[in-house]
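Contents: one structure, followed by commentary.
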Amino acid sequence: MHLIIAEKNIAARRIAEILAGKAKVSAKKDGSANLYEFGDTKVIGLRGHVVEVDFEPGYDNWRSATHPPRTLIDAGIIKRPTEKKIVSILQKVARKADLVTIATDYDTEGELIGKEAYELVRAVNNTVEVDRARFSAITPDEIHRAFAETKPLDFHLAAAGETRQIVDLVWGASLTRFISIAAKRGGGNILSVGRVQSPTLAMIVDREKEIEAFVPETYWMVRLDSEKDHLPIEARHTHGRFKEKEEAQAAVAGSLPPLTVNEVIEGEKADRAPTPLDTTSLIVAAGRLGYSAANAMRVAEDLYMNGYISYPRTDNTVYPPSLNLNGIVSDLSKGVFAKDGKWVAENMRPKPTRGKKETTDHPPIHPAGYGSPEKIGEDAWKLYEFIVRRFFATLSPDAKWKTLKVNMSAGSEPYTATGGRLVEPGYRTVYQYSDAKERILPKLTAGDTLPINAVHLDEKETQPPARYTQSRLIQKMEELGLGTKSTRHEVIQKLIGRKYVEGNPLRPTLVGRAVTDTLEQYADTITRPEMTRALEDHMNMIKVREKRSDDVLTESREMLDRVFDQLEGNESLIGEDIMEMTIEESIVGPCPICGHSLRIRRMGSSQFIGCMHYPDCTFNMSLPPGTWGGAVRTKEVCPTHSLNHIRLVRKGARPWDLGCPLCSHIASNKEAIAMIPGCDDELIRSLHEHHLYAITELTSRTPLELSGLIGIPTQKAEEIILGAGDVINKLRLRTEMKKFIRDTITPRKGRSPAKIVKALIEEDVSDITALGKADPGLLRKAGLSETEALEVTGSAKEASDARILKDAGIPAISLKKYREAGITSPEAFLNRHPAGISLASGVSIETVIKHVSLICEQYNRPPPGKITKGAFLKGQKELTDLPGVGEATLLKLADAGVYNRETLLAVRDDIPGISPDVISKMKKKAEIA
DNA sequence: GCAAGGTC
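One point on numbering: in my numbering, the residue at position 422 of the first sequence is 447, and numbering is uninterrupted.
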């Protein structure tokens, strides 16, 4: 059996179809692995790399004392399958193969993916013959040729790729760990470092520094308006920028009529049709259409998977001869493109345009099939249409312009005007993505004299360099050799994800700056594109056998060791530097109380805004817990409080804008403060003026302080403080009731806990005690069934009773004993005789009396009389000595207040549960005794 | 929990 291994599913399928010829190909999909079969041949599609390099076991713990980051430099490297399913199917099939052909992409990474497959094959079948097919397009001709002349795998080329993998892992992981640990960052907040991402970040940071250092210079431009045959002419002074205003003014003053035409130079300008698309130019063009880099690639991937365009990851800008250009044009010449397709077919240039880069792995990006706007969808259509039109344009003739340069003078001053007219639109007929503004001038000849309608003196300023847009950055990365066509947009996403950069165009955050500054100072190598260049040189040398992979790795590890010499000696300094530089990111603005800075602070999952002058200033504002999203400041600043707005951000959720934290702090306390009796609008205004926003800030002050602060009489201040305390208590009880409702009621449609609580509060039922006493009808109105309503009020009563008893001061251990005896409500304590309670619960009589007294106090009732333990025990003995008195009787007697001979004699005969006869007999015996 | 490179 012949096994063919392709880099990806789609390649496997097409190779199978081509090689099968007329034979039928059967496709099998097993999870993530695709297998195509015909005759005695199987073709499997990988998914790029199916294994990855990692450190040998033992290096997982970042904070390990025995394996600090530096030890990663010399840690053993292993390969681990990342696509286990594909690996297992590959190996299963490979066992039975007697020829294996590696047919991965024709580039370095493809050779490495091939070698990885080779090793997986060898692990289960060490005798099978393995060869390699190299093709630069998946077309019948190319594929048949490549499979007719297979060659051995190029292990040196693969080794070059492998060396890159290891260098990247070792540098990236060790530096990432080091710098994250130094800055005390963990979890989702690590500070990453890498050969590609760090220089890319540095470019953005450097550009920002240039912008900050830029000093604008004022300059002046002189132009004038004229006309001929009612057509306007705008002429510029040939001096261009005037640095001195006086000179410019002199030029204006010297510009006297008439305007004389001295010379008219006619010319022609060729306007070259654009070259075939590679990934970078696709991303750049998509940027102009409004797609972010990552979005453009996602859409392109989608178009590719659905057969509308060719493979979107390519560096090639030259159509391979095998590509059937005419066929594609005719396929596209329908629907929306009918007219343009026909035009292209009729006006096709002799040879398509070609760009500077020509590679062997994939053709330039081109349409692969016709799609209508309806089928493709709005989101992707703009990009697809662009790809089609760009393809058309590369086959269309150049456009031609007629240009006109007119030299003129006004008085002593020289002027010039330029015009341009599109005489042959060429490719622009089907491709209108680049600006082609015509500037039409009237017909002018030397010697013409024209009027001067106006002379303008424009004051302008030199501009700082522009920030990078995503597409500009990708272009720049390509120029510098950073990343690949497939990874550049991901690198940018990574920088955004790490919160190193933000916005569009891209700006560095403080974290991004701090990391770049630190790396530039201590580990400069990793921040420079030269590292990539050097690595590529070394990879080339490995490829041509001038160097061995091991030597390159040893050299690289020695370099990294020297970097760590620098880093380790300065670890605490580096950490402090980064933390100091990044603290500003959490600063929100001035504290309204003391003027120092307010900071977002996090403690576990809770977060709040507090004053940096704590503990001298205790001003703070609470924020929703971190589960709602981490609080970050936004650029927007509250005009009233000069505080940055706050936003809660959570992965996978839409950000939640809280606005100005102080505004929302005030708003959320407003209702509570208004609940204080005697607190009118006037007083609230006065409180706010003195920066008292939260109700808790009132209760934490003495009446004297408050009256001094806001200038009200002490007596009034005292009332307010007491009132505030009551409100806090009330709100606490309300919250407690909300929680109780939420815990007891199963939410169902139309009766959310929030809704029920609202209805209850409207009826003035705002704590658990009130709920216990509430009319179940209220709850029925809120949507509960009768049984549910009774259950809620019943358990509310229980909960409230338990709370009252606990608040009265009865310790938990006694409460437990009472509860076991069924004594759960305050009423039970008030209505039952202490003797009965004591006997039923086993709590000693003296303690029971103490507890009952506590409750009586709550209810303004007189406390029960004292009974000592001794007297009680003696009394019990007196009673049990009487014939026929057992424990059951003793309890009944106790509940009636009978606990000794004396009380027995005083009692009437109607004790519940004991017949009057028995009682009078007992009394008689007691008298005798 | 780290990189960069494939692919989805």
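Glycine included, C-beta positions come from ideal geometry on N, C-alpha and C.
Checklist line | Residues of its chain near N645, where Cβ-Cβ distance is below 6 Å and the 5 sequence neighbours each way are ignored | finding: For the purposes of this step, residue 645 is identified with residue 620 of the first sequence, where counting begins at 1. Hits under 6 Å: F633, G635.
Checklist line | Complete alpha helix (DSSP H) runs within the region 548 to 625 (minimum length 4 residues, chain order) | finding: 554 to 568, 574 to 594, 596 to 607
Margin query: Once DSSP output is grouped into helix, strand and coil, what is the label at V286?
Written below: Translated into the one-based positions of the first sequence, residue 286 becomes position 261. Three-state DSSP puts V286 in a strand.
Checklist line | Secondary structure of Y452, DSSP reduced to three states | finding: On the first sequence, residue 452 is found 427 positions in, with the first residue counted as 1. In the structure shown, Y452 sits in a helix (DSSP, three-state: H, G or I).
Notebook entry, point to check: When DSSP builds the beta bridges, which residues end up paired with F80?
Noted result: Taking the first residue of the first sequence as 1, we reach residue 80 at position 55. Per DSSP, I102.
Check: By DSSP, does P165 sit in helix, in strand, or in coil?
Finding: Taking the first residue of the first sequence as 1, we reach residue 165 at position 140. Here P165 sits in helix by DSSP.
Checklist line | M628, DSSP secondary structure in three states | finding: Within the first sequence, residue 628 is the residue found at index 603, counting from 1. Correct three-state label for M628: strand.
Item checked: Within the region 372 to 423, ranges of the alpha helix (DSSP H) (whole runs, at least 4 residues) -> 398 to 401, 403 to 419
Margin query: By the three-class DSSP mapping on this structure, what secondary structure does P533 have?
Written below: Taking the first residue of the first sequence as 1, we reach residue 533 at position 508. Strand at P533.
Check: Counting along the chain, where does the alpha helix (DSSP H) carrying S355 start and finish?
Finding: Here residue 355 is taken as the residue at index 330 of the first sequence, counted from 1. Element bounds for S355: 350 to 357.
Next item on the list: Identify whether V153 lies in helix, strand or coil by the three-state DSSP scheme.
Entry: The count along the first sequence starts at 1 and reaches residue 153 at position 128. Coil.
Next item on the list: From the DSSP output, read off the bridge partner residues of C636.
Entry: Counting from 1 along the first sequence, the entry for residue 636 is found at position 611. According to DSSP, C636 bridges with L623.
Margin query: Considering only their Cβ atoms, is the gap separating V286 from V247 smaller than 8 Å?
Written below: On the first sequence, position 222 is the one that residue 247 refers to. On the first sequence, position 261 is the one that residue 286 refers to. Going by C-beta atoms, V247 is not nearer than 8 Å to V286.
Next item on the list: Answer yes or no: do L623 and V613 have a C-beta to C-beta separation smaller than 8 Å?
Entry: As a working note, residue 623 is residue 598 in the first sequence. As a working note, residue 613 is residue 588 in the first sequence. Cβ distance < 8 Å, so L623 and V613 count as in contact.
Check: Does the Cβ of E235 have 16 or more other Cβ atoms within 10 Å, making it buried, or fewer, making it exposed?
Finding: Stepping through the first sequence from its first residue, residue 235 is reached at position 210. So E235 counts as exposed.
Check: Which class does D85 belong to by DSSP, given the choice of helix, strand or coil?
Finding: For the purposes of this step, residue 85 is taken as the residue at position 60 of the first sequence. Coil, per DSSP.
Note to self: Determine whether the beta carbon atoms of H858 and D935 lie at a separation below 8 Å.
What the structure shows: In the first sequence, residue 858 corresponds to position 833, counting from 1. In the first sequence, residue 935 corresponds to position 910, counting from 1. Their beta carbons are not under 8 Å apart, which means H858 does not touch D935 by this criterion.
Notebook entry, point to check: Looking at L668 and W653, is the spacing between their C-beta atoms short of 8 Å?
Noted result: As a working mapping, residue 653 is identified with position 628 in the first sequence. As a working mapping, residue 668 is identified with position 643 in the first sequence. Not in contact: W653 and L668 (Cβ atoms no closer than 8 Å).
Next item on the list: Measure the CB-CB distance between T914 and I939 and report whether it falls below 8 Å.
Entry: Within the first sequence, numbered from 1, the residue matching residue 914 stands at position 889. Within the first sequence, numbered from 1, the residue matching residue 939 stands at position 914. Cβ atoms of T914 and I939: closer than 8 Å.
Next item on the list: Give me the Cα-Cα distance between I163 and I43, rounded to the nearest whole angstrom.
Entry: Numbered from its first residue, the first sequence carries residue 163 at position 138. Numbered from its first residue, the first sequence carries residue 43 at position 18. C-alpha separation (whole angstroms): 9 Å.
Notebook entry, point to check: Which same chain residues, not among the five before or five after V125, have their C-beta less than 6 Å away from its C-beta?
Noted result: Within the first sequence, the letter at position 100 stands for residue 125. Cβ neighbours of V125 beyond the five flanking positions: L28, V146, V153, V155.
Notebook entry, point to check: From K949 to Q883, what does the alpha carbon distance come to, in whole angstroms?
Noted result: Position 924 of the first sequence, counting from 1, holds the residue named residue 949. Position 858 of the first sequence, counting from 1, holds the residue named residue 883. Taking the straight line joining both Cα atoms gives about 41 Å.
Check: Skipping 5 residues on each side, what residues in its chain have a beta carbon closer than 8 Å to that of K110?
Finding: Position 85 of the first sequence, counted from the start, is the residue given in the question as residue 110. Cβ within range, chain order: D55, G56, S57, A58.
Next item on the list: May I have the straight-line CA-CA distance separating L560 from V448, to the nearest angstrom?
Entry: Translated into the one-based positions of the first sequence, residue 560 becomes position 535. Translated into the one-based positions of the first sequence, residue 448 becomes position 423. Between L560 and V448, the C-alpha separation is close to 50 Å.
Margin query: Which of the three DSSP states is assigned to M646 in this structure?
Written below: Here residue 646 refers to the residue found at position 621 of the first sequence. DSSP places M646 in strand when its eight states are reduced to three.
Next item on the list: With DSSP as the reference, label T494 as helix, strand or coil.
Entry: Residue numbering aside, residue 494 sits at position 469 when the first sequence is read from its first letter. Coil at T494, not helix or strand.
Next item on the list: Could you check the C-alpha separation between T665 and P617 for me, to the nearest Å?
Entry: For this step, residue 665 is matched to residue 640 along the first sequence. For this step, residue 617 is matched to residue 592 along the first sequence. Going by the C-alpha atoms only, they are around 11 Å apart.
Check: Going by Cα to Cα distance, which pick from L758, L734, G733, C704 is closest to L747?
Finding: Within the first sequence, numbered from 1, the residue matching residue 747 stands at position 722. Per the Cα distances, C704.
Next item on the list: State the Cα-Cα distance for the pair K209 and L200, rounded to the nearest angstrom.
Entry: Taking the first sequence and counting its residues from 1, the one referred to as residue 209 is at position 184. Taking the first sequence and counting its residues from 1, the one referred to as residue 200 is at position 175. Answer to the nearest angstrom: the Cα atoms are 14 Å apart.
Next item on the list: Pull up the CB-CB distance for D79 and R105, whole angstroms please, since I reckon it's below 8 Å.
Entry: Position 54 of the first sequence, counted from the first residue, corresponds to residue 79. Position 80 of the first sequence, counted from the first residue, corresponds to residue 105. Confirmed, about 5 Å.
Checklist line | Three-state class that DSSP yields for G868 in the structure shown | finding: As a working mapping, residue 868 is identified with position 843 in the first sequence. Checking the sequence, you will find Val at residue 868 rather than Gly. Coil at V868, not helix or strand.
Check: Which residues in the same chain have their Cβ closer than 7 Å to the Cβ of P224, if we skip the five residues on either side of it in sequence?
Finding: Counting from one through the first sequence, the residue named residue 224 turns up at place 199. Cβ neighbours of P224 beyond the five flanking positions: L507, T552, R553, P554.
Item checked: Supposed close pair E504, W245 - CB separation, criterion 8 Å -> Here residue 504 refers to the residue found at position 479 when the first sequence is read from its first residue. Here residue 245 refers to the residue found at position 220 when the first sequence is read from its first residue. About 35 Å; that fails the 8 Å criterion.
Checklist line | Beta-bridge pairing of S434 - partner residues as DSSP gives them | finding: What you label residue 434 is simply residue 409 of the first sequence in a count that begins at 1. Its beta-bridge partners are T285, P439.
Note to self: On the CB-based measure, 16 or more other CB atoms within 10 Å of its CB, does M330 come out buried or exposed?
What the structure shows: As a working mapping, residue 330 is identified with position 305 in the first sequence. Exposed is the label assigned to M330, since fewer than 16 other Cβ atoms lie within 10 Å of its Cβ.
Checklist line | Rounded Cβ spacing between L284 and A479 (contact assumed at less than 8 Å) | finding: In the first sequence, counting from the first residue as 1, residue 284 sits at position 259. In the first sequence, counting from the first residue as 1, residue 479 sits at position 454. Between A479 and L284 the Cβ distance is about 11 Å, and since that is not below 8 Å, they are no contact.
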